[in-house]
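Student: Using our numbering, you'd call the opening residue of the sequence shown number 40 and step up by one each time.
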Amino acid sequence: MLYPKNTKTRTSIDLNGVWNFQLGEHFAEKRLEGKEVMVVPSSFNDVIVDNDKRNYIGDFWYERQIAVPDVDENQELVLRFGSVTHRATVYVEGYQIGEHIGGFTPFECVIPTKLYDGKSHLRVTIQANNKLDFSTLPVGNYVEEKQVDGTIRSKVYENFDFFNYAGIHRPVKLIIRPKTHLQDITIFSDLSDDLSEATVHFEYQIEGDYDELKIDIIDEMGQVVAEMENNQAIISDVHLWEVLNAYLYTARIHIIKSGKTIDCYEEEFGIRKVRVANGQFLINEKPFYFKGFGKHEDTYINGRGLNEAANLMDLNLLKEIGANSFRTSHYPYSEEMMRLADRLGIVVIDEVPAVGLFQNFNAALDLMNQTTAKGNTWDNMETHQAHEQVIRELVARDKNYACVVMWVVANEPASHEKGAKDYFEPLIKLYKTLDPQQRPVTLVNIMNAGPHEDEVADLLDVLCLNRYYGWYKNHGDLAKAEVGLREELLAWQKKYPEKPIVMTEYGADTLPGLHSMWEIPYTEEYQMDYYEMSHKVFDEIPHLVGEQVWNFADFETNVMLIRVKGNHKGLFSRNREPKQVVRSFKKRWTEIPNYGYKQ
């Protein structure tokens, strides 16, 4: 799906701002008559003050009037949403024009001409819903509970460890475009053996009739360096997209009919090579070492709503301490964040919202959990259709980003339970079928699924492990934790000697300002010692090719006994103040090169 841009043939009108808002039952045929309002984009949960409303589960509504721009007979009006969490139905003047399931990918709805012809304004209404169950991604345990006062309240027990934020989280645009238009374009490259020449391939989807498609490739100086012939173009003396040194070309696209350009669009793209070989992860044929984080889209007030200043701040902090990468845990991040990473040369491990695929996750994590889910995960999950959809939508959205070097099929599923291989094998194949770049595919493995229990690892290109020796296991005993961590990593390396290993999560909750002379969890000293132990072991494992801390910053979670106003494993606090350990990471990561660390 194309990112909304203004061009000579397209106009993108921003619809962000203050919308009318309502929780609960409503009918789109009628106007929202209440006085409540909500900011778009944002999570309503952190803008609303009332506790019951903050934790509301069910339908909620947005509405606003929009001015109808001038549209001729050769143009169409489109409503485009960056994301609505988790389900959206779109109405114009009370008529349904589209719907979308899934809270982290964009979608668009064409407004029928009959609804705006002759009108100066239109009423746009969004019916959203934040219910999660065993058929959705993420997975949640949906229940209807009787309250003390006798009323029934809908509730979702999240099958994951972050807050179930909801709302119109990303920009809303009104787009004017030609009826004959470029709907999508896929750009991928083959590099010569010496990486000096690139053959750039184009696949495109065009709506309507046209005579000719013209594509020029423009370099960063604005010069035309190649023209498309037979759906490909050759660039000599190519500038490669490198880690922390991005180079982006621009494909300038013109759709021509009767000698006239009827649609034009520009798509930036980088050229680089990614592959896995002999236990190494190669970018441009050089062994790359991941230094970075699992993150969350999570800031004060905005919640999961787009915050571009925070995005840039985060990547500036990431670069400042010597990091080079992040994982979009545990869902696709905003297009704006992906475009920024592409521009800054930040490597991204791209993840679908397939989190919670473990029947007993909450029972294992939360000592006060009240749910009684038991049994085999794969006998109970009804997520396969949703899983295929999110993979298709993620690849469609992010396929052209050079920063994306690997796809994640799921985070911490029950890959140790019978049926996991049958569930994941077709999904991994789907990634391979959809992605012409053939990026590596991984699954982020939970501690329960060790090298002798896991059923899926043989299907993966890279082994990604979430391990908490010294925290959830051997809590407070770093000597035992060191032994256990080393033994497990050596076992993985022995069993799969051809596969690189990335530690995608490791960390210890830490409260800034809490100190002790002894090994006391939650203190800043314990966090320092925890990472020192972990890194000592990492450096001993030849095929461990990366370390991504959990987490970049503290973040909000659902209420649990072990969560003191959120998860505090961040190297930074939620408001991006550094903890003591940041200095140690800066020293370590600035000394570890991006390429060739373990050669």
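Cβ atoms here follow ideal geometry from the backbone N, Cα and C, with glycine treated the same way.
Using only alpha-carbon positions, find the residue among 170, 115, 167, 100 that is nearest to residue 156.
Tutor: Comparing Cα-Cα distances from residue 156 to each of 170, 115, 167, 100, the minimum goes to 115.
Student: Considering only residues of the region 489-571, which uninterrupted beta strand (DSSP E) runs meet the minimum length of 3 residues and lie entirely inside it, listed in chain order?
Tutor: Correct list: 501-505, 540-544.
Student: Can you give me the start and stop residues for the alpha helix (DSSP H) that residue 430 sits inside?
Tutor: Run containing residue 430: 423-437, per the alpha helix (DSSP H) assignment.
Student: Residue 256 by DSSP, collapsed to three states: which one?
Tutor: Three-state result, residue 256: strand.
Student: Who are residue 77's beta bridge partners in DSSP?
Tutor: Beta-bridge pairing links residue 77 to 58.
Student: DSSP beta-bridge partners for residue 617?
Tutor: DSSP lists 611 as partners of residue 617.
Student: Would you mind reading off the limits of the beta strand (DSSP E) that contains residue 196?
Tutor: Residues 191-197.
Student: Tell me the rounded alpha-carbon separation between residue 205 and residue 251.
Tutor: In a straight line, the C-alpha of residue 205 is about 44 Å away from that of residue 251.
Student: Among 501, 443, 511, which has the Cα closest to the Cα of residue 541?
Tutor: For residue 541, the nearest C-alpha among the options comes from 501.
Student: So what does residue 272 bridge to, in DSSP terms?
Tutor: Residue 272 is bridged to 239.
Student: In chain order, what residues of the same chain lie with their CB nearer than 7 Å to the CB of residue 40, ignoring the 5 residues before and after it?
Tutor: Answer for residue 40: 145, 223, 435, 436, listed in chain order.
Student: Locate the alpha helix (DSSP H) running through residue 462, then write down its first and last residues.
Tutor: Unbroken alpha helix (DSSP H) run through residue 462: 459-473.
Student: Under the three-state reduction of DSSP, which class applies to residue 446: helix, strand or coil?
Tutor: Residue 446: strand per DSSP, three-state reduction.
Student: Are residue 100 and residue 76 touching if we call contact CB-CB under 8 Å?
Tutor: The answer is no: Cβ separation not under 8 Å.
Student: Assess, as a yes-or-no matter, whether the region 245-261 is touched by the region 291-299 under the definition of 3 or more beta carbon pairs within less than 8 Å.
Tutor: The region 291-299, when compared against the region 245-261, does touch it at the 8 Å Cβ threshold.
Student: So the candidates are 564, 547, 549, 186; which of them puts its Cα closest to the Cα of residue 555?
Tutor: Nearest of 564, 547, 549, 186 to residue 555, Cα basis: 564.
Student: Does the beta carbon of residue 207 sit closer than 8 Å to a beta carbon anywhere in chain C?
Tutor: Although the question refers to chain C, the structure presented lacks it and comprises just one protein chain.
Student: Report buried or exposed for residue 403, applying the criterion of at least 16 other Cβ atoms within 10 angstroms of its Cβ.
Tutor: Summary for residue 403: the model assigns pLDDT 48, below 50, so the residue's position carries little reliability; its value from the coordinates is reported in the next sentence. Residue 403 should be labelled exposed.
Student: Could you tell me the distance, in whole angstroms, from the CA atom of residue 345 to the CA atom of residue 532?
Tutor: So the alpha carbons of these two residues sit roughly 39 Å apart.
Student: Out of 510, 151, 442, which has the shortest C-alpha to C-alpha gap to residue 131?
Tutor: It is 151.
Student: Using a Cβ-Cβ cut-off of 6 Å (strictly less than) and excluding sequence neighbours within five positions of residue 112, which residues of its own chain qualify?
Tutor: None.
Student: Put residue 576 into one of helix, strand or coil per three-state DSSP.
Tutor: Three-state DSSP puts residue 576 in a helix.
Student: Going by DSSP, which residues form a beta bridge with residue 294?
Tutor: Paired residue(s): 252, 302.
Student: When we look at the beta-carbon of residue 190 and count the other beta-carbons within 10 Å, is it buried (16 or more) or exposed?
Tutor: Answer is exposed; the Cβ neighbour count stays below 16.
Student: Would you mind giving the Cβ-Cβ distance between residue 483 and residue 505, rounded to the nearest angstrom? I have them listed as a contact below 8 Å.
Tutor: So it is a contact: roughly 6 Å between Cβ atoms.
Student: To the nearest angstrom, how far is the alpha carbon of residue 125 from that of residue 298?
Tutor: Each residue's alpha carbon lies about 44 Å from the other.
Student: For residue 280, which of helix, strand or coil comes out of DSSP?
Tutor: Three-state result, residue 280: coil.
Student: Taking the beta carbon of residue 598 as the centre, do at least 16 other beta carbons fall within 10 Å, making it buried, or is it exposed?
Tutor: Burial call: exposed.
Student: What would DSSP say about residue 202, mapped onto helix, strand or coil?
Tutor: Reduced to three states, the DSSP call for residue 202 is coil.
Student: Would you grab the beta carbon distance between residue 354 and residue 379 for me? Rounded to a whole angstrom, and I think it's under 8 Å.
Tutor: 6 Å between Cβ atoms; contact.
Student: Between the Cα of residue 44 and the Cα atoms of 192, 518, 306, 577, which residue gives the shortest distance?
Tutor: The shortest C-alpha separation from residue 44 is found at 306.
Student: Thinking residue 340 and residue 85 are a contact (beta carbons under 8 Å), I'd like their distance in whole angstroms, please.
Tutor: That pair is a contact at about 6 Å.
Student: From residue 313 to residue 324, what distance separates their C-alpha atoms?
Tutor: So the two alpha carbons sit approximately 7 Å from each other.
Student: So, helix, strand or coil for residue 311, using DSSP?
Tutor: The answer is coil: DSSP assigns residue 311 none of H, G, I, E or B.
Student: So, for residue 593: in the same chain, excluding its five sequence neighbours on each side, which residues have a beta-carbon less than 8 Å away from its beta-carbon?
Tutor: Around residue 593: 605, 606, 607, 608, 609, 611, 612, 613.
Student: With burial defined as no fewer than 16 other Cβ atoms inside 10 Å of the residue's Cβ, what is the status of residue 91: buried or exposed?
Tutor: Its Cβ having fewer than 16 others within 10 Å, residue 91 is exposed.
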